[in-house]
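Numbering (our numbering), first residue to last: 24 to 437.
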């Protein structure tokens, strides 16, 4: 049974030390909540919170959810929704290509695809698009990256074996270079992809991370996670999946943020965030790792492994969810010219925006669920229904789809 949105059954910093504490979603929520309290008290140097706008946002998100899912049978927010862009069931096409394999191997293969597709998923920029072979459809942004990753997967781009193209393995990722990735994603001088080198480096480092843990990745595939986490059981906790990803994939992130030599990943400094010892001043988000966790729910479930504790995961603090709050007026910048600047991911302004996004969406989720008449609706469904789509709708109406803030990205956070 999932815990209610905004509450977590995971351990916080009181029971963990150093980097481990910053891998807890309970600690993400606590520190994000502290920054929201600061902002509401008028103590933030960056943002003003207008609670009078929350009701309008709840109505907008609820109406959009009903528009997108009239029967309120809302799937989880995950990479698979982008893989299905254009109403095409590409996972079914993958299953058809796999042929007669058992449920465990099918899960491993879907996990292989989910991992590389998520790691390739960040802001694509305004000029890139992907023309899908066979359908003639053109996709941009997250959907374009997802569809391109599927076709690269079908083509064996991530496999080191010509005989087994439908897989991701360490050898294939180690040999992957910018020329091959550019070709697979249709990148040209007129259709550049933001952060290409950053994405490639993450995939190259994933090869090394898997090779360093043969006890988990015995066949050198991300899909070995299925056997590590769910192969011998009928249930697994969502936070256990996240914890494993944060541990096993820690070396792949380019961030220099470290405690005691251990890479923290998507974890950043803010002067008003407090915690004991070495965690003082740090706030974690782990957006891409949580996005990957959300995207592994379905492969596990399809293989008969029930994933519990879904609401231990947080909302994803990125352009669409955060943009919803800015564009709707729930958040306003103290500096009215802030949107004209180019920000870095580690700037305190961006860090606080992301923290407020996590905390405010925890408050919005049960309100949206109540408005829809589906109390207890998982946060993962509210995001899909939902807040992410609402943020995109605002961006399309106000700026032709561009986000409200400009952030210099290496493709691993935004």
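Ideal Cβ positions, reconstructed from N, Cα and C, are used throughout, including at glycine. Predicted model only: the values in this text are computed from it and were never measured.
Among all the DSSP beta bridges, which residues are the ones paired with residue 307? 290
Would you mind giving the Cβ-Cβ distance between residue 77 and residue 391, rounded to the nearest angstrom? I have them listed as a contact below 8 Å. Contact flag wrong, Cβ pair sits at about 10 Å.
Could you check where the alpha helix (DSSP H) with residue 360 kicks off and where it finishes? Neither: residue 360 is in no alpha helix (DSSP H) and is coded neither H nor E.
What runs of the beta strand (DSSP E), each 3 residues or longer, lie entirely inside the region 92-158? 152-154
On the DSSP bridge list, what partners appear for residue 162? DSSP lists 153 as partners of residue 162.
Measuring CB to CB, does residue 236 end up less than 8 Å from residue 287? It is not a contact, given that the beta carbons lie outside the stated cut-off.
Please list, in chain order, all residues of the same chain as residue 394 whose beta carbon is under 6 Å from its beta carbon, the five residues on each side excluded. 81 and 85
Given a threshold of 16 other Cβ atoms within 10 Å of its Cβ, counted over all protein chains shown, does residue 69 qualify as buried or as exposed? It counts as buried.
Could you tell me the alpha carbon to alpha carbon distance between residue 114 and residue 106, rounded to whole angstroms? 8 Å
According to DSSP, what are the bridge partners of residue 331? 260
Alpha carbon to alpha carbon, how far is residue 298 from residue 162? Give it in angstroms, no decimals. 43 Å
If you reduce the DSSP assignment to three classes, tell me which class residue 70 lands in. Residue state, collapsed to three classes: strand.
Does residue 59 come out as helix, strand or coil in the three-state DSSP assignment? Note: residue 59 maps to helix in three-state DSSP.
Tell me, please, which residues DSSP counts as bridged to residue 367. 431
Terminal residues of the continuous alpha helix (DSSP H) containing residue 65? No alpha helix (DSSP H) contains residue 65, which DSSP labels as neither H nor E.
Contact check, residue 344 vs residue 414 under 8 Å by CB: the rounded distance? Rounded, the Cβ-Cβ distance is 6 Å, consistent with contact.
Take residue 257 and list the residues in its own chain whose beta-carbon comes closer than 7 Å to its own, dropping the five residues that flank it on each side. Around residue 257: 327, 328 and 329.
Use the C-beta contact count for residue 36: other C-beta atoms within 10 angstroms, 16 or more gives buried, fewer gives exposed. Low per-residue confidence applies at residue 36: pLDDT is 46, beneath 50, and the placement is therefore not dependable enough to give any value.
Might you give, ordered along the chain, the residues of its own chain that have their beta carbon closer than 7 Å to the beta carbon of residue 423, omitting 5 neighbours on each side? none
Considering just the uninterrupted stretch of the alpha helix (DSSP H) at residue 227, what are its terminal residues? 219-234
Per DSSP, the bridge partner or partners of residue 285: 282
Select from 54, 239, 143 and 137 the residue whose C-alpha is nearest the C-alpha of residue 222. 143
Does DSSP put residue 338 in a helix, in a strand, or in coil? Three-state DSSP puts residue 338 in coil, outside helix and strand.
Pairing CB atoms from the region 234-250 with CB atoms from the region 129-143, are three or more of them under 8 Å? Touching, yes.
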